[in-house]
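The opening position of the sequence shown corresponds to residue 45 in this note's numbering, with each subsequent residue numbered one higher.
Glycine included, every Cβ here is placed at the ideal spot set by N, Cα and C.
In what follows, a single structure is set out as structure tokens and then discussed.
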Amino acid sequence: MRSTNRSVCFMALSSLLLSFCSPKKQEKAADFCQLQRYAEANTALIQRPVDSNRIVLMGNSITEGWSTASPGFFENKHLINRGIGGQTAVQMLGRFRADVINLKPRAVVILAGTNDIAANNGEVTLEEVRDQIQSMVELAQANKIQAVLCAVLPAFEYTWSPDKDPATQIPRLNFLLKDLAQNAGIPFVDYFSPMVNGINGLDPHLAADGVHPTAEGYKQMENILSPVLDKTVPGWRE
């Protein structure tokens with residue numbers, strides 16, 4: 045019963061956020077969700093014929109930087125990058141309709157949480173982060189979009205938020221996210237286990253600053269994600 049009530053509550057919160065971050069209210073909200081970032085690209089994409097193999101990658105700077113660091117991966121016409129640097133889960137939730145649902149993808153790959161642990165928009169509990177990500181999953185499912193949930197990448201420390209403890213908090217959040225994926229019956233992409241070093245961080249060859257992947261780091265991510273996409277959207281390589 046508690047789970048049902050929580051789902052209803054966060055679906056209501058989702059609607060509120062999507063309304064709050066609507067284009068008509070952007071001036072008052074100072075575009076908190078950064079809807080303008082992809083507005084023009086989204087309009088152009090919506091005008092094209094529907095792509096039955098389209099996959100949207102929703103995330104923060106780790107997702108946004110992927111296209112630059114590994115452009116070959118995004119030569120695939122079906123992959124749509126909708127990462128925005130610095131964003132937390134609640135911001136992604138607020139732009140989920142504009143940057144995911146309206147694009148009518150076959151699947152969405154959600155990678156969120158590290159900036160929440162860094163408290164980019166203030167302190168939040170891991171359970172609150174999990175619930176915001178759950179709302180994205182539920183919105184995808186309600187719109188017949190296959191959700192794919194990702195583990196947060198390792199990080200030993202945040203240079204911009206040195207008082208936080210991601211080495212401890214990220215594994216705890218990933219435990220919650222894996223449980224969420226299992227309960228929702230969706231794929232879980234474990235970036236953490238194959239990439240983590242002995243101190244729950246990333247080695248320099250995978251992330252020079254300890255957070256944002258290098259070209260080699262992104263290559264490892266691609267090797268982890270691609271087999272999941274093969275099963276989820278079999279035609280994505282075509």
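Helix, strand or coil at residue i [DSSP, three-state]
i: Gln-226; result: helix
i: Gln-264; result: helix
i: Arg-141; result: helix
i: Ala-88; result: helix
i: Val-255; result: coil
i: Leu-155; result: coil
i: Gln-70; result: Caution is warranted here: a pLDDT of 44 is assigned to Gln-70, below 50, making its placement in the model unreliable, and the coordinate value is therefore given only provisionally. DSSP places Gln-70 in helix when its eight states are reduced to three.
i: Leu-220; result: helix
i: Leu-60; result: With a pLDDT of only 47 at Leu-60, under the threshold of 50, the placement of this residue in the model should not be trusted, and no figure is reported.
Check whether residue i and residue j have beta carbons under 8 Å apart
i: Ile-124; j: Pro-93; result: no
i: Ala-195; j: Phe-236; result: yes
i: Val-192; j: Val-144; result: no
i: Tyr-202; j: Pro-210; result: yes
i: Asn-97; j: Gln-131; result: no
i: Ile-99; j: Ala-151; result: yes
i: Ile-161; j: Gln-213; result: yes
i: Ile-268; j: Val-233; result: yes
i: Gly-166; j: Phe-200; result: no
Spatial distance of residue i from residue j (CA atoms)
i: Glu-119; j: Pro-206; result: 36 Å
i: Lys-69; j: Asp-75; result: Caution is warranted here: a pLDDT of 46 is assigned to Lys-69, below 50, making its placement in the model unreliable, and no coordinate value can be reported.
i: Ala-156; j: Leu-183; result: 15 Å
i: Gln-264; j: Pro-198; result: 13 Å
i: Leu-137; j: Asn-187; result: 14 Å
i: Glu-266; j: Phe-117; result: 8 Å
i: Lys-72; j: Met-102; result: Note on Lys-72: pLDDT 43, under 50, position unreliable in the model; no value is reported.
i: Gln-176; j: Pro-248; result: 31 Å
i: Asn-86; j: Arg-126; result: 10 Å
i: Thr-107; j: Thr-169; result: 23 Å
i: Ala-113; j: Asn-146; result: 27 Å
i: Lys-208; j: Ile-230; result: 30 Å
Stretch pair the segment 240-259 + the segment 77-90: three plus CB contacts closer than 8 Å: At 8 Å Cβ cutoff, the stretches do not touch.
Residue ranges of each alpha helix (DSSP H) within the segment 80-131, 4 or longer: The segment 80-131 contains these whole alpha helix (DSSP H) runs: 83-90, 105-108 and 110-113.
Completely contained alpha helix (DSSP H) runs for the segment 157-216, where each covers 4 or more residues: The segment 157-216 contains these whole alpha helix (DSSP H) runs: 158-161 and 170-186.
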